[in-house]
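*Asks:*
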Amino acid sequence: MADAPQRTGRRVSLSEPRPEAARVHNEYLEAPLPPCHHENNNKKPSATLHQPKKSGPPPPPPADSSIICSECGKCRCESCREPRRPPSAWLCSDFCYCSVDSCVDYTSCLCCVKGLLYHCGPREDWADDPCSCTGSRWLARWSCLGLASLFLPCLCCYCPLRACADACESGYAACTHRGCTCQRRLLESPQLSSHSTV
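Oh and the sequence shown: position 194 is 194 in UniProt numbering, straight run, nothing missing.
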């Protein structure tokens, strides 16, 4: 093992590394040991060469643990079963983000209200979801929205546009889902719910 380098009064950091001469090369002390070969011809092998025969009925087949569903042939992983969101992209040299939510915000002028609430509102989280009915001081947020709708009448279109966007997202998710929905169908079937109440 190499000797440890002499300590100097300087601090070692990423901006001021230790000089090359003072560094110690990595030495792996816990490397695997080389195999030991002991010749012992008198010892019988300890491994069982034949499996004993079992008496009785065969064990039940294992549960279907495959990631591919045996009923529909689709993947059962969580990412494939979750509904897919519509695509989004940055446009105009990464200047404008185009997604379903941003289209609703820009069309209904909600982006203007979000900007006003971010810069002039008493709390920073007001701009995150100004149309929310939950959280603290929701009445004050809605009062600001009502006042802003006098100057921006397109804010009145937010609720219908949001409903259309949600319908489009649901339709897109239904058309593009790749994963298994068998378990979900079993949970939603009326026969299963009637058997569970008996």
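Glycine residues also receive a C-beta, built at the ideal position from the N, C-alpha and C atoms.
Just so we're clear, the structure is a prediction, and the values are computed from it rather than from any experiment.
Assuming Cys80 is part of the beta strand (DSSP E), what are its boundary residues?
*Replies:* Counted from its first residue, the sequence shown places residue 80 at position 80. Per DSSP, Cys80 belongs to no beta strand (DSSP E); it is in the alpha helix (DSSP H), Glu78 to Arg81.
*Asks:* With a 10 Å radius around its C-beta and 16 neighbouring C-beta atoms as the bar for buried, classify Arg141 as buried or exposed.
*Replies:* Residue numbering aside, residue 141 sits at position 141 when the sequence shown is read from its first letter. Label assigned to Arg141: buried.
*Asks:* Would you kindly report the start and end of the unbroken alpha helix (DSSP H) that includes Ala148?
*Replies:* By 1-based counting over the sequence shown, the position of residue 148 is 148. Run containing Ala148: Trp138 to Phe151, per the alpha helix (DSSP H) assignment.
*Asks:* Ala89 lies in the beta strand (DSSP E); which residues open and close that run?
*Replies:* Counting from 1 along the sequence shown, the entry for residue 89 is found at position 89. Looking at the DSSP string, the run of the beta strand (DSSP E) that includes Ala89 is Ala89 to Leu91.
*Asks:* For the alpha helix (DSSP H) containing Cys131, list its first residue and its last residue.
*Replies:* The residue labelled residue 131 in the question sits at position 131 within the sequence shown. Where Cys131 is concerned, there is no enclosing alpha helix (DSSP H), given that its DSSP letter is neither H nor E.
*Asks:* Applying the 10 Å Cβ sphere with the 16-neighbour rule, what's the burial state of Cys109?
*Replies:* Locating residue 109 in the sequence shown gives position 109, where the first residue counts as 1. So Cys109 counts as buried.
*Asks:* Where does Gly121 sit, in a helix, a strand or coil, going by DSSP?
*Replies:* Indexing the sequence shown from 1 puts residue 121 at position 121. Coil at Gly121, not helix or strand.
*Asks:* Helix or strand or just coil, what does DSSP make of Cys96?
*Replies:* Here residue 96 corresponds to residue number 96 of the sequence shown, with the count starting at 1. Strand at Cys96.
*Asks:* Just mark Cys180 as buried or exposed, buried being the case when its beta carbon has 16 or more other beta carbons within 10 Å.
*Replies:* Within the sequence shown, the letter at position 180 stands for residue 180. It is buried - the Cβ of Cys180 has at least 16 other Cβ atoms within 10 Å.
*Asks:* With a threshold of 7 Å on Cβ separation, who are the neighbours of residue 232 within its own chain once the five nearest residues in sequence on each side are excluded?
*Replies:* Lying before the first or after the last residue shown, residue 232 is absent from the chain, which here runs from 1 to 198.
*Asks:* Buried or exposed, going by whether 16 or more other CB atoms sit within 10 Å of the CB of Val12?
*Replies:* Counted from its first residue, the sequence shown places residue 12 at position 12. Result: exposed.
*Asks:* Would you call Leu139 buried or exposed, if buried means 16 or more other Cβ atoms sit within 10 Å of its Cβ?
*Replies:* Mapped onto the sequence shown, residue 139 falls at position 139. Per the 10 Å Cβ criterion, exposed.
*Asks:* Would you mind reading off the limits of the alpha helix (DSSP H) that contains Thr176?
*Replies:* Within the sequence shown, residue 176 is the residue found at index 176, counting from 1. Unbroken alpha helix (DSSP H) run through Thr176: Tyr158 to Thr176.
*Asks:* What does Cys75 pair with, by DSSP beta-bridge criteria?
*Replies:* As a working note, residue 75 is residue 75 in the sequence shown. Cys75 pairs with Ile68 and Gly179.
*Asks:* If distances are taken between C-alpha atoms only, which option among Arg162, Leu150, Gly171 and Cys120 comes closest to Cys131?
*Replies:* Residue mapping note: residue 131 aligns to position 131 of the sequence shown, counting from 1. It is Arg162 whose Cα lies nearest to the Cα of Cys131.
*Asks:* Report the rounded CA-to-CA distance for Ser79 versus Pro153, giving the unit in angstroms.
*Replies:* For this step, residue 79 is matched to residue 79 along the sequence shown. For this step, residue 153 is matched to residue 153 along the sequence shown. Taking the straight line from one Cα to the other gives about 40 Å.
*Asks:* Mapping DSSP to helix, strand and coil, what is Leu154?
*Replies:* Taking the first residue of the sequence shown as position 1, residue 154 is located at position 154. Correcting the residue type first, residue 154 is Cys in the shown sequence and not Leu. Three-state result, Cys154: helix.
*Asks:* Can you tell me whether DSSP reads Ser13 as helix, strand or coil?
*Replies:* As a working note, residue 13 is residue 13 in the sequence shown. Here Ser13 sits in coil by DSSP.
*Asks:* Round the Cβ separation of Cys156 and Ser149 to the nearest angstrom and send it over; I've been treating them as touching at under 8 Å.
*Replies:* For the purposes of this step, residue 156 is taken as residue 156 along the sequence shown, with counting starting at 1. For the purposes of this step, residue 149 is taken as residue 149 along the sequence shown, with counting starting at 1. About 6 Å separates the two Cβ atoms, so the contact holds.
*Asks:* Could you tell me the alpha carbon to alpha carbon distance between Val104 and Ala167, rounded to whole angstroms?
*Replies:* Here residue 104 corresponds to residue number 104 of the sequence shown, with the count starting at 1. Here residue 167 corresponds to residue number 167 of the sequence shown, with the count starting at 1. Roughly 13 Å between the two C-alpha positions.
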